[in-house]
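The opening residue of the sequence shown carries number 4 in my numbering; numbering runs sequentially from there.
From the three backbone atoms N, C-alpha and C, an ideal C-beta is built for every residue, glycine too.
Since this is a predicted model, take the numbers as computed values, not measurements.
This report concerns only the one structure given below.
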Amino acid sequence: MKMDFDKIVDRKNTNSYKWDKYPEGVLPLWVADMDFEVAEPIKRALNKIVEHGVIGYSRTPNELVEVVLQRMKERHNWEIQKDWIVWLPGLVPGLHTSARCISDDYISVMTSSPVYRPFLESAEIGNRRLQDIPFIWQNDRWEMDFEEMRKSVNPSTKLYMLCNPHNPNGRVFSKQELEQLANFCVENDLVLCSDEIHCDLILDESKQHISIASLNKEIEARSITLLAPSKTFNIAGLGCSLAIIPDKTLRDKFEKTKYGMMPMLSSFAVDAALAAYKDSEPWRLELLKYLRANQAYLLKEINAIEGLKMEPLEATYLAWISYEGTGITDFVTHLEKYGVGVQDASIFGGKGYFRLNFATQKANLEKAIKRIRESLNLA
């Protein structure tokens, strides 16, 4: 399988959400899709559909279901059943459905910021009260504030929303942390929604992703686990995700809430997902090597710039960089003037940081570093 992650792919004027946001001259390193061509098996699967010429309604093939079952068992040590799977046209709809399906009453949803924006929006848009318990920096890492969570939980709290691996802080939560969270949910009778879309993008080889629902039957029975091949295999534009919901009552509520609001998966999405999970593992392994090298480069260069600070990520390709030391209030707007497009922490419910997507060619990162240095008169 030929893989050239250094190959520059011109994405301008392709209706790219990422690349067509900014005017000419701004390098977009913001939204979480990658600038790499997809694996050859995915290309072949998509070309086969086009060559056939008829693009009608699609069903989810048994082979894709079996591949997911096998993947969960072998990679995540979790044996799931076929009927636990609910297919979705995207992971974000899964977050919103999770927040809305628990109860018709006005409930509270707890999460920990800074976090992927739809976590916050799913509570707000779903007419739920958001209980945001921010992460705390301790033990040289970002951790959930269990003490504050225990103080804040109340009878109206019905759902905790977890992002693991975490976007944007890059944590892969340990078994001990997940057990603590699972116990918290069981003790307080909370449903747990776990977004695990980045689970196949572990950068720190000493870390292992654990699906929290796999810990024990108690937490499994109150869990909604959200997964997708989109981040790992760069097929976000196709829309194929899944929810794993072991409890039938909860699953029926989830299905009822989403009914009529979401389209069935397209034939492109289904066949690309199968090609990704079944035939594209060599591509994923080479991708991880490239991302690890990119992160190493970024760590070295960013931490050499006075006023900026970056901690090593355990997973994802989304650097979380502190700019508080620069003294510049709106650093993201400042950077854009120098030709680098990134996202401010405020989008994620935080402050003093920006998120930078390094799933791009090394040459683009070198340009970005040069421009960041120029923006601080360090060129």
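Query                                                                                                                                                     : Result
Using 8 Å as the threshold, is the C-beta distance between D9 and K15 below it?                                                                           : no
With a Cβ-Cβ cutoff of 8 Å, do C243 and A278 count as a contact?                                                                                          : no
Taking the alpha helix (DSSP H) that C104 belongs to, which residues open and close that run?                                                             : L94 to C104
For I324, which of helix, strand or coil comes out of DSSP?                                                                                               : strand
By Cβ distance, which residues of its chain are closer than 7 Å to G28, with the 5 residues on each side in sequence left out?                            : G342
I need the DSSP call for P64, collapsed to helix, strand or coil.                                                                                         : coil
One question on the structure: do L271 and I52 come within less than 8 Å of each other, judged by their Cβ atoms?                                         : What sits at residue 271 in the sequence shown is Phe, not Leu. Result yes, Cβ atoms of F271 and I52 sit closer than 8 Å.
Using CA atoms only, rank isn't needed, just tell me which of L381, E284 and L294 is closest to I308.                                                     : L381
Counting Cβ pairs, one atom from each stretch, are 3 or more of them under 8 Å apart for the stretch 193 to 213 and the stretch 314 to 331?               : yes
With burial defined as no fewer than 16 other Cβ atoms inside 10 Å of the residue's Cβ, what is the status of T17: buried or exposed?                     : exposed
Answer yes or no: do I247 and I45 have a C-beta to C-beta separation smaller than 8 Å?                                                                    : no
Can you tell me whether P158 is helix, strand or coil according to DSSP?                                                                                  : coil
Kindly indicate which residue of C196, E182 and E146 has the alpha-carbon position closest to the one of R174.                                            : E146
Just tell me which of M152, Y262 and G240 has its CA closest to the CA of V34.                                                                            : G240
Quick check for students: name the residue ranges of the alpha helix (DSSP H) that lie wholly in the stretch 273 to 328, counting only runs of 4 or more. : 284 to 305
Excluding sequence positions up to five away, which residues of its chain have a Cβ less than 6 Å from the Cβ of S226?                                    : L195 and A216
If you follow the alpha helix (DSSP H) that E223 is in, where does it begin and where does it stop?                                                       : K220 to E223
How many whole angstroms separate the CB atoms of L162 and V118, which I take to be in contact at a CB cut-off of 8 Å?                                    : So it is not a contact: roughly 14 Å between Cβ atoms.
Just to confirm the assignment, what range does the alpha helix (DSSP H) spanning I375 have?                                                              : K365 to S378
Between which residues of its own chain and G328 is the CB-CB distance below 6 Å, once the five residues before and five after are set aside?             : G310
Rounded to a whole number of angstroms, what is the C-alpha to C-alpha distance between E150 and P158?                                                    : 17 Å
In its own chain, which residues sit with a C-beta less than 6 Å from the C-beta of A231, not counting the 5 before and 5 after it?                       : L94, I200 and S244
How do the stretch 121 to 131 and the stretch 88 to 108 stand: do at least 3 beta-carbon pairs fall below 8 Å, yes or no?                                 : yes
For the alpha helix (DSSP H) that contains D255, what are its first and last residues?                                                                    : K251 to K261
P171 and F351 look like a contact to me (Cβ under 8 Å); what is the Cβ gap, rounded to whole Å?                                                           : 6 Å
Going by CA-CA distance only, name the one from L359, Q183, K365 and Y280 that's closest to M75.                                                          : Y280
Could you tell me if the beta carbon of N380 falls within a distance shorter than 7 Å of some heavy atom in the ligand COA?                               : Among the ligands in the structure shown, none appear at all, so the ligand COA cannot be discussed.
Can at least three beta-carbon pairs, one atom from the stretch 62 to 74 and one from the stretch 249 to 256, be found at a separation below 8 Å?         : no
Closest by CA to L32, which one among S19, E77 and E43?                                                                                                   : S19
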